[in-house]
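Asks: Quick one: the structure is below, and I'll ask about it shortly.
Residue numbers (the numbering used here): 1 to 989.
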């Protein structure tokens, strides 16, 4: 049947039976005819149109007869096709809308005349509130049931819903409220339960630490008492030996007795002391009384020794060995006892180190030699950095940052880099760390005398940035532990890691705030000085061989600075190469430095050598430090030009004086400053070309843009080259991607739990959006909910993107620091994405709990949830890319604009094929098609014409539901891969 007018759908093409010359009564609406009695019909041939002109009569009940077609067609399921009755007032055959043909008084109303979409043949559909088991029977819905339009049976209402007689739908708001309460309860339990778990675990560990610290201190005191008693006994035995040797020097048989007494000076066991004294003979009453008195004193001392010996630490099964010995004696038991033993081990070792440090302060020269040659003193692999004629030039502006810097930084020494603002101190430190991106470097930097990149040793290199880049929503101990887990060697035991972390906390003075959150700008945490020490501790816990610090004492008071320097001094004793930028330290701190690098403006070296000889060097130039003036302050004021030196030398000449003092070549542009020193510089070779003063022409705007683009490309090229083309020479095996993924997962999970208020706000906004859009959305039967679903896609996409932006936009600085230190970027990205899967799974439930309860569409809750789940997965990947590529403000703007514009674009009827193809690759198109198909699949029977027309009008295919979901998931994966690549490439300059 081919419609003559697709817009109206009321007439058919003229055919063999109904045309201008032949128009039988069966051609009228609601009437039909039959074939001749002897005529056969081949039903298998659809092209054969039989002659149907006999026995014309009204269409039977349950059938419909279109106008212009003499055949009778059964009404589909879900329809109600009674015979029409004439309304004599209007002349219409009700319930249908056709009229009797004029001029035929014997013609009566027939049956149904048309089956089309619900908009044009609504009278044929089984009405709301009733169900039609057949096309000739209409039954009102019973109480407790509801019947939609076109229903063939009544649907039982859920419990707790009100369904009166002839109800068209059920009110499931109660289930929405119940689902909301259940989800809220589960989320509250999760957040509070895990928070309580974390708090209980921290309390348990704190108790173990306190008990271990108390035990270690008691053990240390007991060992001191032991040593004091042992020394007193040894001293007493030695004195007694001397006295007895004098008394019995004339006795012939004194050799045997003397031999017994001599054994007291070096007893194998402490029990030998009292027994050996009991064999001493007495020859006179005076000597007998004297010896008895000494024996009583000796017995008291030995009693103390035996008392300590019986229970030296108060804990059974605990041994003072370290490393393998500790692991061998570790008790096999519960995890808590293992933690307790590890804490005891760590604190006992700390007490030993404190005692050893006190002994080191009073060492003689032979004691220092013995300590240096002691194999038990652990020293880290030494790294010596030497640089010769180091020059750094900024490529974009061709500006010199460092000039002619030569020297070296030695292991076991603390080197301070000082100078006025703009002298290139941070640039110098970045050049040593291999972080001078976007700069042209000349000269050489040697590592242990070899031409190797310092990045090859980044696993054993610590770099402390000037800004305190620390995770504010983690505690002090959690920050340190994460750095230790990811960057220490996998060969270290858990006990050794505990010792390292506890040692750093102890020596940095962070014991009182170890369980306190570091804090952020919005949320107050620890003090600024403590935050600075945590910033340094993140690098100390990895036990580096070289430690570079950019202004670690800025913002610290004198006591905190000294505490930090003492901790660094302890690192230097283990052979660590330490170089730090310092701004005007106090004289006390200045004396704690071993070497000094003094830079002038322009990046020239003014002095590089032992810190104790800097005053001597400047005194040779005629620059003396006034009394009661801090030497570093005085030198920096001179280099700034604030103070004029009382000597025949200006601060501009100081770099030349240093080059001439060491016999280094003088650049051509500094020759004029050394004119007065021509005699001394005659034999000095000069290098470089003589720069003539040229008036450079200002580049055009296009030239500046080209230069900027070229600089950015070169910068990204340098980053990729350093990231992928540096081989590891540190010989330290750090945890792999899977282990780091586990560490990242635990850290991010803790951070999300502590930021649960933000998550709760996101869920509340989704609930409000679901309730509002559910109440105003029109999920009608004619359009299968296209308009309501479009609002859903906009709301879910917008809210999902805004929330996902926080995943990567809030901790960019922390990621840049961690990735530059060698941590796995892939583990970081996968852990972030994994934690976000929780929100991806929960947010559709929160939204649908309100939206579905207000609209109650025909499609199932499960289908809606699956589509929104795939949609959120897709938009989350897009949000990752926006967060990484743009600043937070621009990323939020793009996240708000994209879903609105794209959804409006795909819902608009496209006349151009190019625009239509463009709309087919938009993710809202796939989500909308999946939602509409899921709803349209529940419409059958009498709804088939309506369904086919609506889907064809929107360009949807009923069989593409799975394809739409697949496209959404693939888009999410593609954008995640793209985001990861961008995260590796686009970093801070």
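Note that the Cβ used here is the ideal one computed from N, Cα and C, for glycine as well.
Small disclaimer: the values here were computed from a predicted structure and weren't measured.
1) Using the three-state DSSP reduction, which class does residue 159 fall into: helix, strand or coil?
2) Kindly indicate which residue of 972, 495 and 905 has the alpha-carbon position closest to the one of residue 348.
3) Where does residue 196 sit, in a helix, a strand or coil, going by DSSP?
4) Can at least three beta-carbon pairs, one atom from the segment 109–117 and one from the segment 139–152, be found at a separation below 8 Å?
5) Runs of 3 residues minimum, wholly inside the segment 808–882: which ones carry the beta strand (DSSP E) assignment?
6) Just mark residue 906 as buried or exposed, buried being the case when its beta carbon has 16 or more other beta carbons within 10 Å.
7) Do residue 564 and residue 180 come within 8 Å of each other at the CB atom, strictly closer than that value?
8) Under 8 Å between the Cβ atoms of residue 536 and residue 549?
9) In terms of residue numbering, what span does the beta strand (DSSP E) encompassing residue 1011 cover?
10) Taking 8 Å as the limit between beta carbons, can you name the residues of its chain near residue 435, skipping five residues before and five after?
11) From residue 76 to residue 941, what does the alpha carbon distance come to, in whole angstroms?
12) Based on the DSSP secondary-structure assignment, which residues constitute the bridge partners of residue 92?
13) Which of the three DSSP states, helix, strand or coil, is assigned to residue 759?
14) For the candidate residues 643, 111, 413 and 664, whose alpha-carbon lies nearest to that of residue 403?
15) Three or more C-beta pairs under 8 Å: does that hold for the segment 877–887 against the segment 839–858?
16) May I ask which residues mark the beginning and end of the beta strand (DSSP E) holding residue 564?
17) If you draw a straight line from the C-alpha of residue 36 to the C-alpha of residue 952, how long is it?
18) Note down the Cα distance separating residue 53 from residue 15, rounded to an integer number of angstroms.
19) Where does residue 969 fall in DSSP's three states?
20) Assuming residue 387 and residue 444 are in contact, meaning their beta carbons sit under 8 Å apart, how far apart are those beta carbons, in whole angstroms?
21) Near residue 477, what residues of its chain come up, given a Cβ to Cβ distance below 8 Å and the 5 sequence neighbours on each side ignored?
22) Is any heavy atom in the ligand MG found nearer than 7 Å to the beta carbon of residue 900?
23) Can you name, in chain order, every residue of its own chain whose Cβ lies under 8 Å from the Cβ of residue 991, other than the five neighbours on each side?
24) Count the C-beta pairs between the segment 618–630 and the segment 416–426 that are closer than 8 Å, then say yes if the count reaches three, no if not.
25) Where does residue 609 fall in DSSP's three states?
26) Pull up the distance between the alpha-carbon of residue 135 and that of residue 110, whole angstroms please.
27) Could you tell me whether the segment 848–864 touches the segment 167–181, where touching means 3 or more Cβ pairs closer than 8 Å?
28) According to DSSP, which residues form a beta bridge with residue 450?
29) Count Cβ pairs between the segment 960–979 and the segment 917–936 that sit closer than 8 Å; are there 3 or more?
30) Can you check the segment 882–944 for any beta strand (DSSP E) of at least 3 residues that lies completely inside it and give the ranges in chain order?
31) Within a Cβ cutoff of 7 Å, which residues of the same chain sit near residue 584, ignoring the five residues on either side of it in sequence?
32) Measure the Cβ-Cβ separation of residue 406 and residue 399 and say whether it is below 8 Å.
33) If you drop the 5 nearest sequence neighbours on each side, which residues of the same chain put their C-beta closer than 6 Å to that of residue 498?
34) I need the boundaries of the beta strand (DSSP E) containing residue 399, first residue and last residue.
35) Measuring CB to CB, does residue 433 end up less than 8 Å from residue 461?
36) Closer than 8 Å is the cut-off here; do at least three beta carbon pairs connect the segment 158–172 with the segment 185–200?
Replies: So, to answer that:
1) For residue 159, the secondary structure class from DSSP, reduced to helix, strand or coil, is coil.
2) For residue 348, the closest alpha carbon among the candidates 972, 495 and 905 is that of 495.
3) Assignment of residue 196 by DSSP, reduced to helix, strand and coil, places it in the helix class.
4) Contact annotation: the segment 109–117 does not touch the segment 139–152, with fewer than three C-beta pairs closer than 8 Å.
5) Listed in chain order, nothing qualifies, since the segment 808–882 has no complete beta strand (DSSP E) run of 3 or more residues.
6) Residue 906 is buried by the Cβ-count criterion.
7) No, the Cβ-Cβ distance between residue 180 and residue 564 is not below 8 Å.
8) Taking 8 Å as the cut-off, the beta carbon of residue 536 is found closer than this to the beta carbon of residue 549.
9) Summary: the structure shown does not reach residue 1011, with the chain confined to residues 1 through 989, and so no result is reported for it.
10) For residue 435, where only same-chain residues beyond five positions count, the Cβ hits under 8 Å are 463 and 820.
11) Those two C-alpha atoms are separated by around 6 Å.
12) According to DSSP, residue 92 bridges with 87 and 99.
13) For residue 759, the three-state secondary structure derived from DSSP is helix.
14) Checked all of 643, 111, 413 and 664; the closest Cα to residue 403 is 664.
15) The segment 877–887 is not in contact with the segment 839–858.
16) Following the DSSP letters along the chain, one finds residue 564 in no beta strand (DSSP E) but inside the alpha helix (DSSP H) bounded by residues 558–573.
17) When rounded, the distance between both Cα atoms is 39 Å.
18) Distance between the alpha carbons of residue 53 and residue 15: 12 Å.
19) Assigned with DSSP and collapsed to three states, residue 969 falls in helix.
20) Contact holds; Cβ gap of about 7 Å.
21) Excluding residues within five positions, the ones whose Cβ falls inside 8 Å are 501, 505, 514 and 515.
22) The ligand content of the structure shown is nil, which means the ligand MG is not present either.
23) Because the chain here runs from 1 to 989, residue 991 falls outside it and cannot be looked at.
24) In short, these stretches do not touch, since the Cβ pair count stays below three.
25) Assigned with DSSP and collapsed to three states, residue 609 falls in strand.
26) When rounded, the distance between both Cα atoms is 15 Å.
27) Between the segment 848–864 and the segment 167–181, the count of C-beta pairs closer than 8 Å reaches three or more; the two stretches touch.
28) DSSP output for residue 450 lists 447 as bridge partner(s).
29) Contact holds: three or more Cβ-Cβ distances are below 8 Å.
30) With a minimum length of 3 residues, no continuous beta strand (DSSP E) run stays inside the segment 882–944.
31) If we look at residue 584 and ignore the five residues flanking it on each side, its Cβ neighbours are 632, 633 and 636.
32) Cβ distance not < 8 Å, so residue 406 and residue 399 don't count as in contact.
33) For residue 498, same chain residues with a beta-carbon under 6 Å away, outside a window of 5 residues either side, are 342 and 346 in chain order.
34) Its beta strand (DSSP E) spans residues 399–409.
35) Contact flag set, yes.
36) Not touching, per the Cβ criterion.
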